[in-house]
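S.K.: Quick one: this structure, given as structure tokens, is what I'll be asking you about.
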Amino acid sequence: MRSRLQRVLLSTAAALAGCGTTQAPQPGLWDAHTHVSWYGEEALTQLVASGVVAVRDCGGDAEQLQQWRAEIEAGKRAGPRIYVSGPALDGPKDAPFRMTITTPDEARRAVDELAAMKVDFIKTHNAIPRDAYFAALEQARRRGLRVASHLPKGVPAWEAADAGVGSIEHAAESLLASPIYAGHAADVDAAMAWWRSPAGDAALAHLAGTGVAITPTLVAYEVSTEMRRDTAMYAPRRRVLAFLIELTGRLHKAGIPLLAGSDFVSPEVALVPGQSLLREIELLRQAGLSQTEAFAAAGVNIERWFELSKYAQ
81 MRSRLQRVLL STAAALAGCG TTQAPQPGLW DAHTHVSWYG EEALTQLVAS
131 GVVAVRDCGG DAEQLQQWRA EIEAGKRAGP RIYVSGPALD GPKDAPFRMT
181 ITTPDEARRA VDELAAMKVD FIKTHNAIPR DAYFAALEQA RRRGLRVASH
231 LPKGVPAWEA ADAGVGSIEH AAESLLASPI YAGHAADVDA AMAWWRSPAG
281 DAALAHLAGT GVAITPTLVA YEVSTEMRRD TAMYAPRRRV LAFLIELTGR
331 LHKAGIPLLA GSDFVSPEVA LVPGQSLLRE IELLRQAGLS QTEAFAAAGV
381 NIERWFELSK YAQ
């Protein structure tokens, strides 16, 4: 039996298609935040079935992903174009597909190693030390690689943007947390209040001036909230989800480019490759984006992030 979230994802896909099926409403969708290595190769056909032609893989097995990409390009396998970051740069952590970084020198060497592997961009995660993080950003710039960041704990969004990060991943874990990281708020409620204050308005204007893109991954937060439906955490997380949708709308109004990403990880989590992206598009619509703008977040905005011409199947 399908979970409530899986039913939501499927019904949203059908509504967007406008024809009672789970097909995407138009070809050429991009997913800006995926973990295909974690999910497995079955994700590739699921993505294609939903009209996804390209993905940013934000932390995975670079060799395996590049092999799949070569097979897809040779017509030997169905799947979207895969843009690879390889393993994420992170601090000590028990998690797969990581390069453990503790110093700036290690960060620079890791970026050089990934560049030698011919990755398409760099992904950083939240446990990388602050000084190592900024060293990685600088080395990536020297190597001509853009960086997508789940912000390190203690680094607010505006500092990362000023240092040249290409995209900030997750409205909850990175954006909402930023005033806490900066010492402007003590908890989530205070952080939400800060973002709604003139100081928050100024931060949005500042971010817009840096050119940084934001990947809200609202659907991932929604799914994690539904997983807590029978706990005391459910109501507070629903309130935060409503705030994240509101904040995403304000990011858009401020002129900050939005990238649509689902953050699917494994079949054990109710995030379905392709279908979850369609749900993310619907949540962007709820944030106030027009249909054209929401589909741009799942297409041309990501293409521009890579400074690529339109991907052709």
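Residue numbers (the numbering used here): 81 to 393. By construction, the Cβ of each residue, glycine as well, lies at the ideal position given by its N, Cα and C atoms. No experiment lies behind these values; they were computed from the predicted model shown.
1. In this structure, does DSSP put M307 in helix, strand or coil?
2. By DSSP, does Q106 sit in helix, in strand, or in coil?
3. In the stretch 151 to 200, which residue ranges form an unbroken beta strand (DSSP E) of at least 3 residues, counting only runs that do not cross its ends?
4. Which stretch, first to last residue, makes up the alpha helix (DSSP H) that contains V380?
5. Which residue wins for smallest C-alpha separation from S258, given the options D242, G246 and W275?
6. Measure the CB-CB distance between A237 and L255 and report whether it falls below 7 Å.
7. By alpha-carbon positions, which one of A300, D185 and N206 ends up nearest to R401?
8. What number of angstroms, rounded off, separates the C-alpha of A154 from the C-alpha of L124?
9. Verify the contact flag: E326, CB atom, against every heavy atom of the ligand ZN, threshold strictly below 6 Å.
10. Helix, strand or coil for A228 per DSSP?
11. Going by alpha carbons, who is nearest to A322 out of L231, A252, L284 and I336?
12. Taking just the CA atoms, how far does G140 sit from E249?
13. Kindly give me the distance between the Cβ atoms of L339 and A377, rounded to whole angstroms, as I take these residues to be in contact under 8 Å.
14. Between K333 and R384, what straight-line distance do the alpha-carbon atoms span, to the nearest angstrom?
M.R.: Well, looking at it:
1. Along the sequence shown, read from residue 1 onward, the residue named residue 307 stands at position 227. Reduced to three states, the DSSP call for M307 is coil.
2. For the purposes of this step, residue 106 is taken as the residue at position 26 of the sequence shown. At Q106, the pLDDT of 49 sits below 50, so the modelled position is not reliable and the matter cannot be decided from this model.
3. Entirely contained in the stretch 151 to 200, the beta strand (DSSP E) runs reaching 3 residues are, in chain order, 161 to 164, 168 to 170 and 178 to 180.
4. Sequence index remark: in the sequence shown, residue 380 carries index 300 (1-based). Counting along the chain, the alpha helix (DSSP H) containing V380 begins and ends at V380 to F386.
5. Taking the sequence shown and counting its residues from 1, the one referred to as residue 258 is at position 178. The shortest Cα separation from S258 among D242, G246 and W275 belongs to W275.
6. One-based indexing of the sequence shown puts residue 237 at position 157. One-based indexing of the sequence shown puts residue 255 at position 175. Yes. Within cutoff.
7. Missing from the structure shown is residue 401; the chain here goes from 81 to 393 and no further.
8. Here residue 154 refers to the residue found at position 74 when the sequence shown is read from its first residue. Here residue 124 refers to the residue found at position 44 when the sequence shown is read from its first residue. Cα to Cα, the separation comes out at about 15 Å.
9. Among the ligands in the structure shown, none appear at all, so the ligand ZN cannot be discussed.
10. Along the sequence shown, read from residue 1 onward, the residue named residue 228 stands at position 148. In this structure, A228 counts as strand in the three-state DSSP scheme.
11. As a first step, residue 322 is located in the sequence shown; it is residue number 242 there, counting from the start. It is A252 whose Cα lies nearest to the Cα of A322.
12. Working through the sequence shown from its first residue, we reach residue 249 at position 169. Working through the sequence shown from its first residue, we reach residue 140 at position 60. Cα to Cα, the separation comes out at about 16 Å.
13. For this step, residue 339 is matched to residue 259 along the sequence shown. For this step, residue 377 is matched to residue 297 along the sequence shown. Rounded, the Cβ-Cβ distance is 6 Å, consistent with contact.
14. The count along the sequence shown starts at 1 and reaches residue 333 at position 253. The count along the sequence shown starts at 1 and reaches residue 384 at position 304. Straight-line Cα distance between these residues: approximately 19 Å.
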